[in-house]
Amino acid sequence: MSDSGSQPGSMGSLTMKSQLQITVISAKLKENKKNWFGPSPYVEVTVDGQSKKTEKCNNTSSPKWKQPLTVIVTPMSKLHFRVWSHQTLKSDVLLGTAALDIYETLKSNNMKLEEVVVTLQLIGDREPTETIGDLSVCLDGLQLESEVVTNGETACSESASQNEDGSRPKDETRPPRPSRPPPPTPRRPASVNGSPSATSESDGSSTSPALHLFFYATYSRKCMWYCLLKP
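Take the sequence shown: its position 203, counting from 1, is numbered 202 in numbering that gives the first Met the number 0, and each next residue is one higher.
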């Protein structure tokens with residue numbers, strides 16, 4: 000049974016904790032020719048820091064437990080199954096492992112886990128690519144509104160696309176551009192009595208004709224005095 004007070008359409012429902020009953024039904028293991036008596040298997044279920052174990056079945060490769068285990072999960076949790084072989088005088092031997100994604104299982108069963116039987120392949124501990132058998136479990140007691148899943152997937156996809164593209168959110172407004180200063184006013188050339196100056200400030204242009212005559216007269220007078228004073 001899921002906890003009360005959930006709000007459909009909220010992202011909090013995807014992380015809401017609920018009780019899930021896992022019934023470990025049976026397993027079919029490959030026979031080990033080196034072990035005449037067969038293994039004594041039991042199953043360990045771990046999820047979100049919790050660990051639950053079944054009873055052991057003595058000396059069999061086809062154990063049947065039909066033992067219910069209750070754990071606290073969220074729709075985003077993952078179940079991990081380990082099948083061990085009990086040893087009397089030494090440490091237990093890990094036979095195989097399997098994993099189950101609750102969220103994917105919900106989507107495959109109309110967002111309801113009501114006595115859903117799942118068969119998982121057990122992967123060997125020494126050879127990760129080797130299948131050493133099958134494990135059958137039954138899941139019951141978890142339900143999620145379809146609207147929550149739809150809204151949650153949409154929000155996650157939009158957030159991922161914005162992070163990948165580097166685009167700005169629609170709500171965010173761009174800061175205003177700083178105003179440019181007005182262009183400088185061109186300076187007018189200096190004038191005397193309303194008329195432009197005859198001289199140039201930069202390139203040293205020619206002086207007025209009256210000034211030329213003044214220089215010429217002064218030079219002529221100096222020459223005349225020089226000629227008179229010369230012995």
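Quick reminder that beta carbons are idealized off the backbone N, C-alpha and C, glycines included.
Computed from a prediction, not measured in an experiment: that's the story for all the values here.
Check: What is the DSSP secondary structure of L13, counted as helix, strand or coil?
Finding: L13: helix per DSSP, three-state reduction.
Next item on the list: Please list, in chain order, all residues of the same chain as D133 whose beta carbon is under 8 Å from its beta carbon, the five residues on each side excluded.
Entry: A26, K27, T118, L119, Q120 and L121, listed in sequence order.
Next item on the list: Could you pull out every unbroken alpha helix (DSSP H) segment of at least 4 residues lying fully inside the region 40-118, listed in chain order?
Entry: 101-107
Next item on the list: May I ask which residues mark the beginning and end of the beta strand (DSSP E) holding E184?
Entry: The sequence as given places Thr at residue 184; Glu does not occur at that position. Careful: T184 lies outside any beta strand (DSSP E) and carries neither H nor E.
Item checked: Check whether K55 and H85 have beta carbons under 8 Å apart -> yes
Notebook entry, point to check: Going by other Cβ atoms of all chains shown within 10 Å of its Cβ, with 16 needed for buried, is T96 buried or exposed?
Noted result: buried
Next item on the list: Out of D47, K65 and V82, point me to the one whose CA is closest to P74's CA.
Entry: D47
Next item on the list: Would you mind stating whether E103 and D139 have Cβ atoms separated by less than 8 Å?
Entry: no
Check: Given a threshold of 16 other Cβ atoms within 10 Å of its Cβ, counted over all protein chains shown, does S76 qualify as buried or as exposed?
Finding: It counts as buried.
Checklist line | Where the beta strand (DSSP E) through T130 begins and ends | finding: Counted as a single uninterrupted DSSP element, the beta strand (DSSP E) harbouring T130 occupies residues T130 to D139.
Item checked: Inter-residue spacing [alpha-carbon to alpha-carbon] between R81 and K111 -> 25 Å
Item checked: Rounded distance between the beta-carbons of V72 and L19, thought under 8 Å -> The Cβ separation is near 5 Å, so the contact holds.
Next item on the list: Figure out for me which residue from I21, W83 and Q49 has the closest Cα to the Cα of I131.
Entry: W83
Next item on the list: List the DSSP bridge partners of L28.
Entry: G132
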